[in-house]
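So the sequences go chain by chain: A and B. Convert by adding 596 to the 1-based position in the first sequence; the result is the number in the numbering used here. Convert by adding 37 to the 1-based position in the second sequence; the result is the number in the numbering used here. Glycine is no exception: its CB is placed at the ideal position from the N, C-alpha and C atoms. Beneath this line is the structure, given in structure tokens, with notes to follow.
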Amino acid sequence: KNEVEQSPQNLTAQEGEFITINCSYSVGISALHWLQQHPGGGIVSLFMLSSGKKKHGRLIATINIQEKHSSLHITASHPRDSAVYICAPGGSEKLVFGKGTKLTVNP
Amino acid sequence: EAQVTQNPRYLITVTGKKLTVTCSQNMNHEYMSWYRQDPGLGLRQIYYSMNVEVTDKGDVPEGYKVSRKEKRNFPLILESPSPNQTSLYFCASSLLAGGLTGELFFGEGSRLTVL
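Written out as structure tokens, the structure is:
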């Protein structure tokens, strides 16, 4: 079974700070998803990546398949980035989810 | 508009009364999946489907059934609900490319309480 560890569990930042959230997993996978869950509960897909790096606006995701590790970076953080960020390793049919990182960005 | 629609959004029911949570997507996605989210446990996969008539168990399938008779619909059936199935449920869909799920599209969630 794929064990997924996210760190930190909780993160408080000031607006404008650079944020990093880490995800490590135990079983080799072909891809990994990063998700964002808003305070109201809705879940949005941010990235699906199988190698290297992807960028979307102020968000950057990286993955190292050999080291079984992925990171999500937020540049110039903003209060609207406050949410729970969840990694989900597993590019095939089964997905296992990390417990999430709760990010709070203060103005 | 591309979307995944779940119904009902909120339901309070009693132990043993069969219920179905519907999930429908309008994006012609092959892959559909059900998850439950519980405090401290995060999201866990219940069942998934790679295409019509192709379903398989996730990590927590006990007490649930699914069917995939049409590509757009993937209902979750609780034949005899119990209080430990009180949870927030999400349906999601995705295109498949080379066996990999692409971007996941989630429904808005269904909050189920079993008394």
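Could you work out which residue in the options is closest to residue i when comparing CA atoms only?
i, options, result
"V600 of chain A", "A:S647, A:K695, A:Q610, A:E613", "A:K695"
"K106 of chain B", "B:G53, B:A39, B:S147, B:S61", "B:S61"
"P98 of chain B", "B:E90, B:Q82, B:V89", "B:Q82"
"A657 of chain A", "A:T616, A:L607, A:K597", "A:T616"
"S620 of chain A", "A:F693, A:P703, A:V640, A:L699", "A:F693"
"V640 of chain A", "B:L141, B:L149, B:L152, B:S130", "B:L141"
"L699 of chain A", "A:I670, A:S603, A:T608, A:N598", "A:T608"
"N63 of chain B", "B:T57, B:Y84, B:R109, B:G53", "B:R109"
"N606 of chain A", "A:A684, A:V680, A:P703", "A:V680"
Since residue i meets chain B, which of its residues come closer than 8 Å, beta carbon to beta carbon?
i, result
"S667 of chain A", "In chain order: nothing, as chain B lies at least about 19 Å away."
"I661 of chain A", "The contacting residues do not exist; I661 of chain A stays about 13 Å from chain B at best."
Using the beta-carbon of each residue, which ones in chain B are nearer than 7 Å to residue i?
i, result
"K651 of chain A", "Residues of chain B passing the Cβ test: none, with the nearest at roughly 15 Å."
"A627 of chain A", "L137"
"I617 of chain A", "Within chain B, no residue comes near I617 of chain A; the closest Cβ sits about 14 Å away, beyond 7 Å."
Quick one: list the residues of chain A neighbouring residue i, beta-carbon separation under 9 Å, in chain order.
i, result
"L125 of chain B", "G637"
"L113 of chain B", "The contacting residues do not exist; L113 of chain B stays about 16 Å from chain A at best."
Which partner residues does residue i have in the DSSP bridge list?
i, result
"P45 of chain B", "Per DSSP, none; premise fails for P45 of chain B."
"M17 of chain B", "What is shown of chain B runs 38 to 152, which leaves residue 17 of chain B out entirely."
Is residue i near the ligand ADP, with its Cβ less than 7 Å from a heavy atom?
i, result
"V97 of chain B", "Although the ligand ADP was asked about, the structure shown includes no ligands whatsoever."
Residues of chain A with CB under 7 Å from residue i, in chain order?
i, result
"E140 of chain B", "S641, M644"
"G53 of chain B", "What G53 of chain B touches in chain A: nothing, since even the nearest Cβ is about 27 Å away."
For residue i, does the three-state DSSP call read helix, strand or coil?
i, result
"P675 of chain A", "helix"
"Q633 of chain A", "strand"
"N598 of chain A", "coil"
"N88 of chain B", "strand"
"Q122 of chain B", "helix"
"S641 of chain A", "strand"
"T138 of chain B", "strand"
"K695 of chain A", "coil"
"A129 of chain B", "strand"
"V621 of chain A", "The residue you asked about is not Val; residue 621 of chain A is Tyr in the sequence shown. In this structure, Y621 of chain A counts as strand in the three-state DSSP scheme."
Starting from the beta carbon of residue i, find every residue of chain B whose beta carbon is closer than 9 Å, and list them in chain order.
i, result
"F614 of chain A", "The premise fails here: F614 of chain A is roughly 25 Å from chain B at the closest Cβ pair, so nothing lies under 9 Å."
At least three beta-carbon pairs within less than 8 Å, the segment 116 to 125 of chain B to the segment 614 to 634 of chain A: Contact between the segment 116 to 125 of chain B and the segment 614 to 634 of chain A is absent, because fewer than three Cβ pairs lie under 8 Å.
Inter-stretch contact at 8 Å, needing at least 3 Cβ pairs: the segment 638 to 658 of chain A / the segment 38 to 56 of chain B: no
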